[in-house]
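Peer 1:
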Amino acid sequence: MTKLMGADLLVQCLIQEKVRYIFGIPGGQLCPILDAIRRFGHDAGLDFVMTRHEQAAAHMADAYARVTGQPGVCMGTVGPG
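Numbering (the working numbering), first residue to last: 100 to 180.
Written out as C-alpha cells, the structure reads:
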C-alpha cells in the first residue's frame with residue numbers, strides 16, 4: 100500500500116478543482132508541496148509560479164481569478180515576505 104502524504108492529497112485536490120497555477124515563494128515548509136506538484140501536477144497542467152514577494156503572489160492569484168474565472172491560489176512560507 101502506497102503511503103499518501105498530506106502534500107500529495109493537497110495537490111490532488113487542487114488538480115480536481117482544476118487549479119492551473121499556484122503563485123508564491125518557495126521555502127522549506129513548502130518543499131513537500133513543491134515535490135508533490137513535480138510528481139503529480141505537471142502532467143495535470145498544474146504549475147508553480149515563483150514570485151518575489153507574498154503580497155505580489157496574492158495579487159497575481161486574485162487577478163488571475165478575476166480575469167479567468169478560474170481558482171487563484173497563493174501559497175506563502177515563513178520568513179521572506
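From the three backbone atoms N, C-alpha and C, an ideal C-beta is built for every residue, glycine too.
None of the values given here were measured: they were computed from a predicted structure.
Return helix, strand or coil for glycine 123, following the three-state DSSP convention.
Peer 2: Of the three classes helix, strand and coil, the one that applies to glycine 123 here is strand, per DSSP.
Peer 1: Let me check one thing: in DSSP terms, what residues is phenylalanine 147 bridge-paired to?
Peer 2: The partner list for phenylalanine 147 (beta bridge, DSSP) reads Ile121.
Peer 1: Contact defined as beta carbons within less than 8 Å: I believe leucine 109 pairs with alanine 135. What is the distance between those atoms, to the nearest angstrom?
Peer 2: That pair is a contact at about 7 Å.
Peer 1: Thinking C-alpha only, which one of Leu103, Met149 and Phe139 is nearest glutamine 115?
Peer 2: If we check each option's Cα against that of glutamine 115, Phe139 comes out closest.
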